[in-house]
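Let me begin by presenting the structure, written as structure tokens, before commenting on it.
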Amino acid sequence: MTLYSKDHPAAVLLVFSLPLILSGMLQQLYSWADAYIVGHVVGEEALAAVGMTTAVSNLFTMSMTGFTLGLSILAAQKYGKKEYETLPRILSAFLVLLVPACAFCAAAGCILEEALLDALRTPADIAEFTGQYLRVILLGMPFLAVYNLYSALLRAIGDSRTPFFAIVLSSVVNVVPDLVFVAVCRWGVSGAAWATSISQIAMAIFIVWYAETKRPLLHLSLKEKLVQPHIVAQGWRFALPPAVQSSVMALGNMALQQFMNGFGSATVAAVTTAYRIDLIMLLPIINLGSAVSTMVAQSKGAGNLAKAQSFCRYGVALNAAIAFLLMIIMAAFGGKLVAMFGVGAEAAFIGSQFFRQIAVYYLCFGIASALRGAVEGMGLVLYSSIVGIASLLARIALSYALAPYLGNMAIAHAEGLQWIVMLICYVPHFLWHKKRAASP
Numbered sequence: 001m002t003l004y005s006k007d008h009p010a011a012v013l014l015v016f017s018l019p020l021i022l023s024g025m026l027q028q029l030y031s032w033a034d035a036y037i038v039g040h041v042v043g044e045e046a047l048a049a050v051g052m053t054t055a056v057s058n059l060f061t062m063s064m065t066g067f068t069l070g071l072s073i074l075a076a077q078k079y080g081k082k083e084y085e086t087l088p089r090i091l092s093a094f095l096v097l098l099v100p101a102c103a104f105c106a107a108a109g110c111i112l113e114e115a116l117l118d119a120l121r122t123p124a125d126i127a128e129f130t131g132q133y134l135r136v137i138l139l140g141m142p143f144l145a146v147y148n149l150y151s152a153l154l155r156a157i158g159d160s161r162t163p164f165f166a167i168v169l170s171s172v173v174n175v176v177p178d179l180v181f182v183a184v185c186r187w188g189v190s191g192a193a194w195a196t197s198i199s200q201i202a203m204a205i206f207i208v209w210y211a212e213t214k215r216p217l218l219h220l221s222l223k224e225k226l227v228q229p230h231i232v233a234q235g236w237r238f239a240l241p242p243a244v245q246s247s248v249m250a251l252g253n254m255a256l257q258q259f260m261n262g263f264g265s266a267t268v269a270a271v272t273t274a275y276r277i278d279l280i281m282l283l284p285i286i287n288l289g290s291a292v293s294t295m296v297a298q299s300k301g302a303g304n305l306a307k308a309q310s311f312c313r314y315g316v317a318l319n320a321a322i323a324f325l326l327m328i329i330m331a332a333f334g335g336k337l338v339a340m341f342g343v344g345a346e347a348a349f350i351g352s353q354f355f356r357q358i359a360v361y362y363l364c365f366g367i368a369s370a371l372r373g374a375v376e377g378m379g380l381v382l383y384s385s386i387v388g389i390a391s392l393l394a395r396i397a398l399s400y401a402l403a404p405y406l407g408n409m410a411i412a413h414a415e416g417l418q419w420i421v422m423l424i425c426y427v428p429h430f431l432w433h434k435k436r437a438a439s440p
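Take the sequence shown: its position 33, counted from the start at 1, is 33 in the working numbering, and no numbers get skipped.
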């Protein structure tokens with residue numbers, strides 16, 4: 001699905017984003033499977049440990065995702081300009097650079113594991129479980145880098161289905177080892193981590209095979225120089241700001257994890273489980289924003305700014321409608337979903353309160369996500385990254401400022417206020433850029 005489609009912009013966004021949404025849901029579902037199996041077979045402390053590793057592993061995965069997001073915007077603009085020969089050059093250059101870098105970072109994470117967990121003030125009753133899970137999950141990072149890079153380039157040319165098929169394969173591969181390693185072999189949290197790493201290897205192999213055999217635009221040629229300096233320079237300009245933003249956000253999330261740990265293991269189990277649920281429920285909003293980014297980037301590359309504005313307008317409308325519906329659903333049923341993960345009564349109550357507090361901010365998040373997609377699609381990745389970092393710093397400050405008054409519910413309100421900060425930053429900048437683009 002590309003800007004060249006004759007379908008209505010809203011239909012283009014929905015059709016393009018549907019595989020992205022389903023991919024995200026499947027990824028979260030096998031993450032849920034880890035949590036569900038670990039929570040019921042091993043116990044609440046192990047469940048809290050699996051949730052805690054998210055803050056550390058996200059330092060790697062978010063940086064990688066941010067980097068490939070920037071490359072996807074560059075590739076989509078090149079595709080819109082019909083500079084097709086540039087696409088495999090982008091792919092080859094950053095395969096050579098990104099995958100070894102991820103392998104190095106994963107190794108460093110394993111070596112520094114104890115220091116990281118100490119810095120996060122990991123509760124003593126879950127420290128051993130957390131270390132076991134983290135050591136194994138980091139082994140899959142280089143393969144996840146391969147998947148993310150190919151997935152970004154495929155989305156840039158309008159193919160959001162193939163990454164979805166890779167996730168389907170990964171989910172199937174994950175479920176069986178998960179059950180065998182944890183429930184049968186009794187390997188505990190490390191068994192769940194091994195299942196996840198094996199599934200990441202499977203989806204990386206599949207997506208490379210598909211791109212090489214079915215997508216001529218992405219076929220790598222050994223006849224050309226793999227790393228071309230001008231391609232690397234362009235890629236860094238688009239990819240570095242979101243990568244830095246994602247890295248800072250991951251570090252910020254580690255600081256927030258440390259803040260949350262101060263409330264005890266019941267809050268850790270409740271809120272980390274609530275975030276798993278929250279993320280999957282917000283996937284339609286997040287991925288519609290990604291669809292806006294891709295379509296706006298393609299439109300800008302083709303010089304069709306009217307089409308770009310149309311994609312943004314319909315993206316905002318769709319996200320606002322979805323956010324309003326989710327606000328009602330999660331305020332009513334969020335707590336019941338948390339209880340399904342085998343947490344104790346105290347953690348289930350905390351999870352219920354969390355969703356009632358954060359759901360009121362969903363509308364702001366929906367609109368901000370669509371506008372962010374439009375801003376990034378226009379190539380303004382540096383501004384978007386600055387907004388992301390500034391809003392995160394505001395969230396951290398608000399968490400500590402509100403804690404004396406709201407207790408552990410400061411976590412929910414601080415995140416909601418972060419979304420409001422994002423919205424305040426994106427609206428005037430988008431309107432200004434729209435006016436400037438329309439000027440002769």
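Beta carbons: idealized from backbone N, C-alpha and C, even for Gly.
Check, Outcome
"Below 8 angstroms on the Cβ atoms is my contact criterion, and I expect Pro142 with Cys102 to pass it. Report the Cβ-Cβ distance as a whole number of Å.", "5 angstroms"
"Taking the alpha helix (DSSP H) that Phe324 falls in, what are its first and last residues?", "305-339"
"Determine the direct distance from the alpha carbon of Lys82 to that of Ala302, and round the result to whole angstroms.", "8 angstroms"
"In this structure, does DSSP put Cys185 in helix, strand or coil?", "coil"
"Can you give me the start and stop residues for the alpha helix (DSSP H) that Ser160 sits inside?", "No alpha helix (DSSP H) holds Ser160; DSSP gives it neither H nor E."
"With C-beta atoms as the reference, is Leu69 less than 8 angstroms away from Ile90?", "no"
"Tell me which residues share the same chain as Glu415 and place their Cβ nearer than 7 angstroms to its Cβ, disregarding the 5 neighbours each side in the sequence.", "Ile358, Arg395"
"Pop quiz: Gln418 and Leu382 are said to be a contact at Cβ under 8 angstroms. What is the actual Cβ separation, rounded to whole angstroms?", "In fact, because the Cβ distance is near 20 angstroms, the residues do not count as touching under 8 angstroms."
"Determine, using beta carbons only, whether Ala368 and Leu423 come nearer to each other than 8 angstroms.", "yes"
"Would you call the stretch 374-390 and the stretch 347-363 in contact, with 3 or more CB pairs under 8 angstroms?", "no"
"Relative to the C-alpha of Ser246, which candidate in Val421, Ile231, Leu59 has its C-alpha closest?", "Leu59"
"What separation, rounded to the nearest whole angstrom, lies between the Cα atoms of Phe441 and Ser23?", "There is no way to answer for residue 441, as the model of the chain reaches only from 1 to 440."
"Enumerate in chain order the residues of its own chain whose CB-to-CB distance from Ser31 is below 7 angstroms, with the five nearest sequence positions on each side excluded.", "Arg276"
"In angstroms, rounded to a whole number, what distance separates the CA positions of Ala124 and His413?", "28 angstroms"
"With C-beta atoms as the reference, is Met203 less than 8 angstroms away from Ser170?", "yes"
"Quick one: what's got a C-beta closer than 6 angstroms to Ser151's C-beta in the same chain, skipping five residues either side?", "Pro163"
"By the three-class DSSP mapping on this structure, what secondary structure does Met62 have?", "helix"
"Is it buried or exposed for Glu114, if we count other Cβ within 10 angstroms and need 16 for buried?", "exposed"
"Would you call the CB atoms of Met249 and Gly51 closer than 8 angstroms?", "no"
"Please report the distance separating the alpha-carbon of Val271 from that of Val232.", "40 angstroms"
"Quick check on the DSSP output: the alpha helix (DSSP H) that includes Ser246 runs from which residue to which?", "229-261"
"Is Lys82 helix, strand or coil when you go by DSSP?", "coil"
"Would Leu220 pass as a contact of Ser92 if the rule is Cβ separation under 8 angstroms?", "yes"
"In or out: Trp209 buried (at least 16 other Cβ within 10 Å) or exposed?", "exposed"
"Within its chain, find whatever has a CB closer than 7 angstroms to the CB of Val173; leave out the 5 residues flanking it on each side and keep chain order.", "Ile198, Ser199, Ala202"
"So what's Val168 in DSSP terms, helix, strand or just coil?", "helix"
"Using only the alpha-carbon positions, how far apart do Gln27 and Ile280 sit?", "9 angstroms"
"Determine, using beta carbons only, whether Leu363 and Ala320 come nearer to each other than 8 angstroms.", "yes"
"Between Arg121 and Leu318, what straight-line distance do the alpha-carbon atoms span, to the nearest angstrom?", "41 angstroms"
"At which residues does the alpha helix (DSSP H) containing Val387 begin and terminate?", "381-406"
"When the Cα atoms are used, what is the spatial distance from Ala255 to Gly351?", "20 angstroms"
"Starting from Gly264 and walking both ways along the alpha helix (DSSP H), at which residues does that stretch end?", "Unbroken run through Gly264: none, as it is neither H nor E."
"According to DSSP, is Ser221 helix, strand or coil?", "coil"
"So what's Leu282 in DSSP terms, helix, strand or just coil?", "coil"
"Determine the extent of the alpha helix (DSSP H) in which Leu154 is found, giving its start and end residues.", "141-156"
"Assess contact between the stretch 282-300 and the stretch 9-17, defined as three or more Cβ pairs (one per stretch) separated by less than 8 angstroms. Is contact present?", "yes"
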